[in-house]
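The opening residue of the sequence shown carries number 470 in the numbering used here; numbering runs sequentially from there.
From the three backbone atoms N, C-alpha and C, an ideal C-beta is built for every residue, glycine too.
No experiment lies behind these values; they were computed from the predicted model shown.
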Amino acid sequence: MARLAAARYGKDNVRVYKVHKDEATGTQSVTEMTVCCLLEGQIETSYTEADNSVVVATDSIKNTIYIKAKEHPVNPPELYAAHLGQHFLDKYPHINAANIKVIVHRWARINIDGKPHPHSFYRDGNDTRNVEARISREAGIELKSAIQGLSVLKSTGSAFHGFVRDEFTTLGETWDRILSTDVDATWTWKTFPTVAAVEQGVDRFDQAFEAARNITLKTFAEDESASVQNTMYKMCEEILEKAAEVELVGYSLPNKHYFEIDLSWHKGYKNTGKDAEVYAPQSGPNGLIKCEVARS
Numbered sequence: 470m471a472r473l474a475a476a477r478y479g480k481d482n483v484r485v486y487k488v489h490k491d492e493a494t495g496t497q498s499v500t501e502m503t504v505c506c507l508l509e510g511q512i513e514t515s516y517t518e519a520d521n522s523v524v525v526a527t528d529s530i531k532n533t534i535y536i537k538a539k540e541h542p543v544n545p546p547e548l549y550a551a552h553l554g555q556h557f558l559d560k561y562p563h564i565n566a567a568n569i570k571v572i573v574h575r576w577a578r579i580n581i582d583g584k585p586h587p588h589s590f591y592r593d594g595n596d597t598r599n600v601e602a603r604i605s606r607e608a609g610i611e612l613k614s615a616i617q618g619l620s621v622l623k624s625t626g627s628a629f630h631g632f633v634r635d636e637f638t639t640l641g642e643t644w645d646r647i648l649s650t651d652v653d654a655t656w657t658w659k660t661f662p663t664v665a666a667v668e669q670g671v672d673r674f675d676q677a678f679e680a681a682r683n684i685t686l687k688t689f690a691e692d693e694s695a696s697v698q699n700t701m702y703k704m705c706e707e708i709l710e711k712a713a714e715v716e717l718v719g720y721s722l723p724n725k726h727y728f729e730i731d732l733s734w735h736k737g738y739k740n741t742g743k744d745a746e747v748y749a750p751q752s753g754p755n756g757l758i759k760c761e762v763a764r765s
């Protein structure tokens, strides 16, 4: 005998662009998002009995994503995700939960002759601001915010020594190395009972995002890193200190390697140790270090 253990469905990769026009100043602001919305509920028979009467069409879900972007602010994305998810619970009694993911793509205002242009922008890096939301009848609104794909590198100020050495070890210890990674940082909020609770003090979300990004960059740059593990733990501690309603912070950091190249075979060039200037960036394999830090 077989049974349906779990099911969810919806629309993925919905591209949304919204412009806000300030008529008083003539300035416009833009937000570009990629949205995923997956629904759960009393939908078993659509799988087991070919009963489509319980299915809200994924095309209807796509249309709802656009309509809710028209009806509500899309900034901060945490609030937009809460409104979008709550709509499906309010509209369809047989839907028990909505799982929303929002990826916000970076557009920064262009400065012309030292002045911000009112309606022109450029892509300021490939990192994104992400939100994952689960809105359910039983648990309320669960929100997880994130920075993803923030590429950083420093040419010194990182070491790695004192690790386990045994018959499998070939890596040498180093007191000075290049450190580069693509930052994926997440912070999980306390559960909110309603959309109104999310709206109350909504500035918390932008403030936490800016704090997390600034803490990540500042700690990465200034920390005399003994290891990726220790540096990322310091980042988590600071974010928890800055954002009182955040319960858990996590980082996933690939250690992107840059290897010295021995050039002594050509005219005796010194290019290792303190004389290293030319390196070979590696595409893989790479270290991958993760952690989650909660309040004690």
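query                                                                                         : result
With 16 other Cβ atoms within 10 Å as the buried cut-off, status of Ala654                    : buried
For Ile616 and Glu761, the rounded distance between their alpha carbons                       : 15 Å
Three CB pairs or more closer than 8 Å across the region 745 to 757 and the region 719 to 735 : yes
Nearest to Tyr478 (by Cα), restricted to the options Lys490, Lys711, Asp635, Cys505           : Cys505
Whole-Å CB distance - Leu508 paired with Ala567, under 8 Å assumed                            : 6 Å
Contact set for Val525: own chain, Cβ-Cβ below 8 Å, skip 5 residues either direction          : Leu508, Phe557, Tyr561, Ile564
Helix, strand or coil at Tyr561 according to DSSP, with G and I counted as helix              : coil
Rounded distance between the beta-carbons of Ile604 and Gln676, thought under 8 Å             : Not really, about 22 Å apart at Cβ, beyond 8 Å.
Beta strand (DSSP E) segments (min. 3 residues) lying fully within the region 627 to 691      : 648 to 658
Beta-carbon proximity check, Leu622 vs Ser694, cutoff 8 Å                                     : no
Where Ala551 falls, given that 16 or more other Cβ within 10 Å makes a residue buried         : buried
Those residues which DSSP pairs with Ser462 across a bridge                                   : Any question about residue 462 goes unanswered here, given that the chain covers just 470 to 765.
Rounded straight-line distance, which links the Cα of Lys537 to that of Thr685                : 32 Å
Contact set for Ala680: own chain, Cβ-Cβ below 6 Å, skip 5 residues either direction          : Lys711
Per DSSP, cross-strand counterpart(s) of Val571                                               : Val504, Val600
Exposure of Gly737, with buried meaning 16 or more beta-carbon neighbours within 10 Å         : exposed
Distance between Tyr720 and Glu518 (C-alpha atoms, nearest Å)                                 : 43 Å
Val747 - DSSP class collapsed to helix/strand/coil                                            : coil
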